[in-house]
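Residues 43 to 92 in our numbering are what the sequence shown lists, from first letter to last.
Here a beta-carbon is modelled for each residue, glycine too, at the ideal position from N, C-alpha and C.
The structure displayed is predicted, hence computed values, not measured ones.
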Amino acid sequence: MAATEHGRPRAEVIDVGPEDADQRIDNFLVRRLKGVPRSLVYRIVRRGEV
Numbered sequence: 043m044a045a046t047e048h049g050r051p052r053a054e055v056i057d058v059g060p061e062d063a064d065q066r067i068d069n070f071l072v073r074r075l076k077g078v079p080r081s082l083v084y085r086i087v088r089r090g091e092v
């Protein structure tokens, strides 16, 4: 996740293709958001931020 010039995370739209449709959202995001810790992915999923 990239940050804006103010240091806050920015929103990003990621399209899910048919090849990814049967994956769990956490596994999909971990694979797509390289470098983002798995714990952060779990947290944003639990909070409903995706």
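### Message
Taking the alpha-carbon of Glu61 as reference, which of Val55, Phe70, Glu54 has the nearest alpha-carbon?
### Response
Cα-wise, what sits closest to Glu61 is Phe70.
### Message
Using the Cβ count rule (16 or more neighbours within 10 Å means buried), how would you classify Val83?
### Response
buried
### Task
Compare the Cα-Cα distances from Gly90 to each of Val72, Leu75, Asp68, Arg73 and report the closest residue.
Asp68
### Message
Between the alpha carbons of Val72 and Arg85, how many angstroms are there, rounded?
### Response
Going from the Cα of Val72 to the Cα of Arg85 covers about 12 Å.
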